[in-house]
Amino acid sequence: MYSRNSFGSYYPIDSCLSRLNPVVKLINFLIIVLLVIFSMSTYVNVFMLLLVIIMMLLSFVPIKYYLNTFYSLRYIYILIMLLCYYFHTSLEVCLVYMSKVVIVVEYLNILAYTTSPSESIYGIEKFLSFFNFLYLPISKFSFKLNSILRYFPLYLTVKYKTQKASSSRGIDYNSLNVFKRIYLSFKNHKNIRRLTKYRNNEISKCSELRLYDIKKYRTNYRTNKVGFYDIFFLLFHLVLLYAHAVEGGLI
Amino acid sequence: MEIIFDKVTFVINKNTPLEKTILNNISFNISNSGIYSFIGASNSGKTAIGDLINALVVPTKGKVRIGNFSNGGRKIRNINRLRFETGYVYKNPYDMFFNKTVEDELSFGMKYFKYKTDKMSLRVNDALKLVGLNESYLELDPLSLNLVDAKKLALACVLIYNPKIIILDEYTNGLSSNDKNDLIRLLRILKTKYKKTIILLSKDTSFCYQVTDYVYLLSLTRLIKEGKKDILHDQELLASINLEVPKIVSFVNECNKKGHEINYYTNILDLIKGVYRDVF
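Chains A and B, in that order, are what the protein sequence lines are.
FYI, the numbering for the first sequence is 58 to 308, going by the numbering used here.
FYI, the numbering for the second sequence is 81 to 360, going by the numbering used here.
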């Protein structure tokens, strides 16, 4: 099988974003989510969009992968436009809502493309280690969370493999009409879901073997240390948060 | 059924940082039925040859012709007919399975190629027997099978719709010597009795040496040599492309170096007879 990149799958290439510490990445993402939820300022949203575009370029992942995701959200943009038209909101506000969707989805895309599964488990675990004092099963929880986050890309990979296997044994997807395609999609969905669950369990077991010792303590997995780029990007996010606070009259 | 590769180049992830050439300007021609081996180390491009023949991928440059079909970038008309005539067993058999039971898996090809659907259950049982499995497997989940049984099932999934060309990708990996002997027997029947074209994509030189009629040696995306199985006698050539010399050949070469005159034999029993005759 040849490598095939889709939404949410890891893109193994060296870039300054791939070298960022996963915990810092999560903190940055949290800031962006907060701003997307609470900020209606056009300037803040434009700057966030610019930041996302700069990060896309710095990730060295081909832009067409991001554009594919952008294109696949076309129905959501139309829905937002229709809703804005229905509620008589201004064009500016409509554009802000659309940019919010793009920011969140493409930011998630950047995180997935530049963070390997082991790094993301590590990042989530460290991020949640604050709750360790409550004796919660943090490692188990981070595994589950990572499985959930990686479920959709895994589903797409399994779907691609299933389509390839069924193509080679009698289904010509290119010449089917829309109704037959829909029928086959529904028919295959159950099997693909079953195979994805099976594959997800396998990956979890492998990760557990790689990351944990027999007593479920974390082994010495080394990941990117906090460096210049981490501080630079964190500051950039904090500046946006500050700008939002100033604009909202909080400071 | 004729297979022609005309200056085929195949590149993946083109125009991205992960661009990689899998096949580089490869040309060859297979015209008669028989057993053909494409032997090469890892990353030499064997799997791509199978994918191109089965029209699962499109060549970046050049053209692949399989009978009346042409895989050269344009949409192939009646692609199902092409896939029906070229049965392809994947390197990882589990990648072929997506149904819940072995029975569904086997009948899938017949159902969608619309091949003898009235004799489905009969052919399902026959296909299983042909590869050395039995009816007790029918209700099992294909993913729960061990690697050897999964490989056998993958082969049965292809044999059931009786293709003219059978492609086996790294099929002998993990098989015991008994399984390999059974496979040799089956391949010989398919070749002589049913006039099939069998394409082996493998790095198992010892196995290929026993069954093959014609050998293509691949190294780092290029086709470096082709010819009858005698080319596998060249120890230096095989070592230069990271391939193991067939064990029988290695034994005969060692004996001949010490002054004996033993001919090359393809199977161990013939070799023993030959040694007995030539040496003692």
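For every residue, glycine included, the Cβ atom is placed at its ideal position computed from N, Cα and C.
Bridge partner(s) assigned by DSSP for residue i
i: T197(B); result: None, per the DSSP bridge assignment.
i: K305(B); result: L297(B)
i: K100(B); result: I92(B)
i: R145(B); result: I84(B), S150(B)
i: L280(B); result: S117(B), L248(B)
i: F108(B); result: F85(B)
i: Y168(B); result: I247(B)
Same chain only: Cβ atoms within 8 Å of residue i, ignoring 5 sequence neighbours per side
i: R226(A); result: none
i: S286(B); result: E324, P326, K327, I328
i: P222(B); result: Y174, F177, N179, T181, V182, E185, A230, L233
i: N112(B); result: T277
i: S186(A); result: I195
Residue-level contact to chain E via CB, residue i, 9 Å cutoff
i: L252(A); result: Chain labels in this structure do not include chain E; the protein chains are A and B.
6 Å CB neighbourhood of residue i in its chain, flanking five on each side removed
i: G306(A); result: none
i: I205(A); result: none
i: S156(A); result: N102, L106
i: K244(B); result: M81, E165
i: Y168(B); result: G130, N134, I247
i: L295(A); result: none
i: L252(A); result: V215
i: M58(A); result: Caution applies to M58(A), whose pLDDT of 43 falls short of 50 and renders its modelled position unreliable; the value that the coordinates give is listed next. Within the same chain, M58(A) has no close Cβ partners at all.
i: L318(B); result: V325
i: S60(A); result: The predicted position of S60(A) is uncertain, since its pLDDT is 46 and thus under 50; no value can be drawn from it.
i: L292(A); result: none
CB contact flag (residue i, residue j, <9 Å)
i: A135(B); j: L103(B); result: no
i: S116(A); j: L87(A); result: no
i: L92(A); j: L297(A); result: yes
i: I83(B); j: K143(B); result: no
i: V118(A); j: S72(A); result: yes
i: M97(A); j: I167(A); result: no
i: G130(B); j: D249(B); result: yes
i: S264(A); j: P174(A); result: yes
i: N85(A); j: F285(A); result: no
i: G254(B); j: V291(B); result: no
i: I119(B); j: L312(B); result: yes
i: F193(B); j: Y251(B); result: no
i: V295(B); j: K276(B); result: no
i: S299(B); j: S124(B); result: yes
i: V159(A); j: F127(A); result: yes
i: Y116(B); j: I279(B); result: yes
i: N245(A); j: Q220(A); result: yes
Cβ neighbours of residue i in the same chain (closer than 7 Å, five flanking residues each side left out)
i: N93(B); result: E99, K100
i: K183(A); result: V80
i: N62(A); result: Any reading at N62(A) must be qualified, since the residue scores a pLDDT of 49, below 50, and its modelled position is unreliable; no value is offered.
i: L136(A); result: none
i: Q315(B); result: V325, N333
i: Y170(B); result: M176, A234, D249
i: F108(B); result: F85, Y296, L303, E306
i: D259(B); result: V228
Cross-chain neighbours of residue i in chain B, by beta carbon under 7 Å
i: T219(A); result: F178
i: I181(A); result: Per Cβ cutoff of 7 Å: no residues; I181(A) is ~26 Å from chain B at best.
Proximal residues of chain A, C-beta to C-beta of residue i below 8 Å
i: C237(B); result: R226
i: G189(B); result: R226, G227
i: N148(B); result: Those do not exist, as N148(B) stays about 17 Å from chain A at its closest Cβ, beyond 8 Å.
i: D293(B); result: By Cβ distance, chain A contributes nothing, its closest Cβ being about 25 Å from D293(B), past 8 Å.
i: D198(B); result: Within 8 Å Cβ-Cβ: nothing; D198(B) doesn't reach chain A, min ~17 Å.
Within chain A, partners of residue i - CB distance below 9 Å
i: K155(B); result: N231, S232
i: R163(B); result: S224, S225, R226, G227, D229
i: L136(B); result: K221, S224, S225
i: I159(B); result: S224, D229, N231, S232
i: D249(B); result: The premise fails here: D249(B) is roughly 11 Å from chain A at the closest Cβ pair, so nothing lies under 9 Å.
Contact list for residue i against chain B, beta-carbon separation under 8 Å
i: P119(A); result: N95, T96, P97
i: I70(A); result: P97, L98
i: N248(A); result: F178, N179, K180
Proximal residues of chain A, C-beta to C-beta of residue i below 7 Å
i: L223(B); result: Y255
i: F193(B); result: G227
i: P168(B); result: For clarity, residue 168(B) is Tyr in the given sequence; the question names Pro instead. Within chain A, the residues near Y168(B) are S225.
Residues that residue i contacts on chain B, provided the C-beta gap is smaller than 9 Å
i: N125(A); result: The contacting residues do not exist; N125(A) stays about 13 Å from chain B at best.
i: I166(A); result: The residue asked about is misnamed: residue 166(A) is Asn in this sequence, not Ile. Those within 9 Å of N166(A) in chain B number zero; the least Cβ separation is about 15 Å.
**OP:** Kindly provide the ranges of any alpha helix (DSSP H) runs that are 4 or more residues long and lie completely inside the stretch 89-124 of chain A, ordered along the chain.
**Re:** With a minimum length of 4 residues, the continuous alpha helix (DSSP H) runs that stay inside the stretch 89-124 of chain A are 99-115.
Subject >> Contained alpha helix (DSSP H) runs [length at least 4] in the stretch 327-352 of chain B, N- to C-terminal order >> reply: DSSP runs (the alpha helix (DSSP H)) wholly in the stretch 327-352 of chain B: 327-337.
Subject >> Complete alpha helix (DSSP H) runs within the stretch 157-243 of chain A (minimum length 4 residues, chain order) >> reply: 174-185, 195-225
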